[in-house]
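Take a look at the structure below.
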Amino acid sequence: MLVCPKCKCEYEEGYTVCNDCNCKLVHGPMDTDKNISTKDKPKIIGLTGRILIFGAIFVIGIIILMNNTKLADSDMTNIMKDHGGSMDTSYYLIYLEQSIIKYRTLGCILSVLGGLGVLVNTRIRE
Ligand SMILES: [Zn+2]
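Under my numbering, the first residue of the sequence shown is numbered -3, with each subsequent residue one higher.
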């Protein structure tokens, strides 16, 4: 069995290039037992695994969102150390705001990404 490395299209022996992308075809990996094994087990495990991963991302995102002021506070401790222990109040506030925004954005992205991932994967499952 020949396979296009680009679009993964399968071709019979005798072909040399892919009709769609003009790519040189390569020999596919052992088609007979791969067809059996990829059809059942790995797909189910992969799906459950993906839901778990996205679920974890979602939870991490929510945790970051809820603790963003705490995280920003610990960031500030490090920034203060870098600045020799003291800093102008206006600078401090700017850094603090930036840290909070950073964690808030990160938390939002992670929770949205995780939530969407879980949704998409559970929909496929049904
Ligand atoms: Zn192709």
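The C-beta atom is built at its ideal place from N, Cα and C for all residues, glycine as well.
Could you check what DSSP says for E93 in three-state terms: helix, strand or coil? In the sequence shown, counting from the first residue as 1, residue 93 sits at position 97. Here E93 sits in helix by DSSP.
Determine whether the Cβ of N18 lies closer than 8 Å to any Cβ atom of chain C. Considering every chain present, this structure includes no chain C. It has just one protein chain.
Roughly how many angstroms lie between the CA atoms of C104 and G57, to the nearest whole one? Reading the sequence shown from its first residue, position 108 is the one you call residue 104. Reading the sequence shown from its first residue, position 61 is the one you call residue 57. C-alpha separation (whole angstroms): 6 Å.
Spatial neighbours of L92 within its chain, please: C-beta separation below 7 Å, excluding the five flanking residues on both sides. As a position in the sequence shown, residue 92 is number 96, starting the count at 1. Taking C-beta separations shorter than 7 Å and ignoring five residues to either side along the sequence, the partners of L92 in its chain run A68, M72, following chain order.
Is it right to say L48 is buried, meaning 16 or more other beta carbons lie within 10 angstroms of its own, or is it exposed? If you number the sequence shown from 1, residue 48 lands on position 52. Exposed.
Short of 7 Å in beta carbon distance, which residues of its chain neighbour M76, apart from the five on each side in sequence? Order them along the chain. Taking the sequence shown and counting its residues from 1, the one referred to as residue 76 is at position 80. For M76, where only same-chain residues beyond five positions count, the Cβ hits under 7 Å are M83.
Do L61 and S107 have their beta-carbon atoms positioned less than 8 Å apart in this structure? Start at 1 with the first residue of the sequence shown, and residue 107 comes out as number 111. Start at 1 with the first residue of the sequence shown, and residue 61 comes out as number 65. Yes, the Cβ-Cβ distance between S107 and L61 is below 8 Å.
Closest by CA to G24, which one among N64, Q94, P1, N63? On the sequence shown, position 28 is the one that residue 24 refers to. Answer by Cα proximity: P1.
Check the C-beta distance from V22 over to V(-1) and give it rounded, since I have them as a contact under 8 Å. The residue given as residue 22 occupies position 26 in the sequence shown. The residue given as residue -1 occupies position 3 in the sequence shown. Between V(-1) and V22 the Cβ distance is about 6 Å, and since that is below 8 Å, they are a contact.
Can you tell me the Cα-Cα spacing of Y88 and Q94, whole angstroms? Locating residue 88 in the sequence shown gives position 92, counting from the first residue. Locating residue 94 in the sequence shown gives position 98, counting from the first residue. Distance between the alpha carbons of Y88 and Q94: 10 Å.
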